[in-house]
Amino acid sequence: MRWSAEEIERMRDEARALEDARDRLIERAREAIKRSKNAIYAAIREDLAVARAELAACWRAVAALDALQAGEPALWGEELAAVARGEAVEAEVVVRVTAGEGLPTRRSMPRKVDPVAFLHGLMDASGELLRAAEERLLKGDRRFAERAKEAMEAIYFLALELSPKRFDLRRRLDYLAGNLQKLTEALLRARPC
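Counting from 35, one number per residue, gives the positions in the sequence shown under our numbering.
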């Protein structure tokens, strides 16, 4: 059996359209990841205005990503999109904690996020919260470090309660536990207020 020239051309056009859509998805995911990092770094620098602006831009990139995936089922399994959503959650957590707000729930996210991306973001935030706490401890701000520790403990106990079976979540739980231990030790070494 042979395909007609018309059928081959149609398949070529469909393949190109899918590749173009995937390229756009990658671009949006990279934008979300870049903006999430910008938001986190601004939050650590205590520049909450910039942090919130970058966070809003991050969620706009995630919205564009969602729209691309909704319109093209062949893109639903793209790993980079899931990573971008987890990074957005991570930035949301860091900005909220550095702003003195409570930890977000999955329902309080600016966009709907699947449970795995939400947990990835929550647990990955521990590294940035550790960094922010260490920066603040250098400035003598023990209260922030204690608040960051409380947030990390809450995330840790949630993760333990969920008892994840997925390797990537268990690995992140170990990462979180290590960061929590480092912050506990840093607080013990820090001078009291």
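Heads up, the beta-carbon is just placed ideally off N, CA and C, and yes, glycines get one too.
Notebook entry, point to check: Could you give the C-beta distance for Leu164 and Asn213, rounded to a whole number, given that I count them as a contact under 8 Å?
Noted result: Position 130 of the sequence shown, counted from the start, is the residue given in the question as residue 164. Position 179 of the sequence shown, counted from the start, is the residue given in the question as residue 213. 5 Å between Cβ atoms; contact.
Check: Roughly how many whole angstroms lie between the Cα atoms of Ala73 and Gln215?
Finding: For the purposes of this step, residue 73 is taken as the residue at position 39 of the sequence shown. For the purposes of this step, residue 215 is taken as the residue at position 181 of the sequence shown. Going by the C-alpha atoms only, they are around 25 Å apart.
Checklist line | Inter-residue spacing [alpha-carbon to alpha-carbon] between Val128 and Glu162 | finding: If you number the sequence shown from 1, residue 128 lands on position 94. If you number the sequence shown from 1, residue 162 lands on position 128. Using only the alpha carbons, I get a separation of about 7 Å.
Notebook entry, point to check: Is the Cβ-Cβ distance between Arg181 and Val123 less than 8 Å?
Noted result: Residue numbering aside, residue 181 sits at position 147 when the sequence shown is read from its first letter. Residue numbering aside, residue 123 sits at position 89 when the sequence shown is read from its first letter. Their beta carbons are not under 8 Å apart, which means Arg181 does not touch Val123 by this criterion.
Next item on the list: Ignoring anything shorter than 4 residues or poking outside the stretch 52-140, list the alpha helix (DSSP H) runs there in chain order.
Entry: Given a length threshold of 4 residues, each whole run of the alpha helix (DSSP H) inside the stretch 52-140 is given here in chain order: 82-105 and 113-132.
Margin query: If contact is defined by three or more beta carbon pairs under 8 Å, each pair taking one atom from either stretch, is the stretch 93-100 in contact with the stretch 130-148?
Written below: Result yes; three or more Cβ-Cβ pairs closer than 8 Å.
Next item on the list: For Val84, collect the residues of the same chain with a Cβ closer than 6 Å to its Cβ; drop the 5 residues on either side in sequence, then sort them by chain order.
Entry: Taking the sequence shown and counting its residues from 1, one reaches residue 84 at position 50. For Val84, where only same-chain residues beyond five positions count, the Cβ hits under 6 Å are Ala76.
Next item on the list: Could you check the C-alpha separation between Ile60 and Ile189 for me, to the nearest Å?
Entry: As a first step, residue 60 is located in the sequence shown; it is residue number 26 there, counting from the start. As a first step, residue 189 is located in the sequence shown; it is residue number 155 there, counting from the start. Going by the C-alpha atoms only, they are around 29 Å apart.
Notebook entry, point to check: Exposed or buried, what is Ala39 when buried is set at 16 or more other beta-carbons lying within 10 Å of its beta-carbon?
Noted result: Residue mapping note: residue 39 aligns to position 5 of the sequence shown, counting from 1. By the Cβ neighbour-count rule, Ala39 is exposed, with fewer than 16 other Cβ atoms within 10 Å of its own.
Next item on the list: Would you mind giving the Cβ-Cβ distance between Leu89 and Arg56, rounded to the nearest angstrom? I have them listed as a contact below 8 Å.
Entry: Taking the first residue of the sequence shown as position 1, residue 89 is located at position 55. Taking the first residue of the sequence shown as position 1, residue 56 is located at position 22. Rounded, the Cβ-Cβ distance is 26 Å, inconsistent with contact.
Checklist line | Neighbour-count burial assignment, Met186, 16 or more Cβ in a 10 Å radius | finding: For the purposes of this step, residue 186 is identified with residue 152 of the sequence shown, where counting begins at 1. With 16 or more other CB atoms across the displayed protein chains lying within 10 angstroms of its CB, Met186 is buried.
Next item on the list: Quick one: using the 10 Å Cβ neighbour count with 16 as the cut-off for buried, is Pro138 buried or exposed?
Entry: Position 104 of the sequence shown, counted from the start, is the residue given in the question as residue 138. By the neighbour-count rule (16 or more Cβ atoms within 10 Å), Pro138 is buried.
Notebook entry, point to check: CB-CB under 6 Å to Phe178, same chain, minus the five flanking residues each way: which ones, in chain order?
Noted result: Working through the sequence shown from its first residue, we reach residue 178 at position 144. Excluding positions up to five away in sequence, the list reads Arg170.
Margin query: In the DSSP assignment, the alpha helix (DSSP H) including Arg177 goes from what residue to what residue?
Written below: By 1-based counting over the sequence shown, the position of residue 177 is 143. Residues Arg176 to Leu196.
Notebook entry, point to check: Do you know offhand how far Arg44's Cα is from Leu102's?
Noted result: Your numbering for residue 44 matches position 10 in the sequence shown. Your numbering for residue 102 matches position 68 in the sequence shown. Their Cα atoms are separated by approximately 21 Å.
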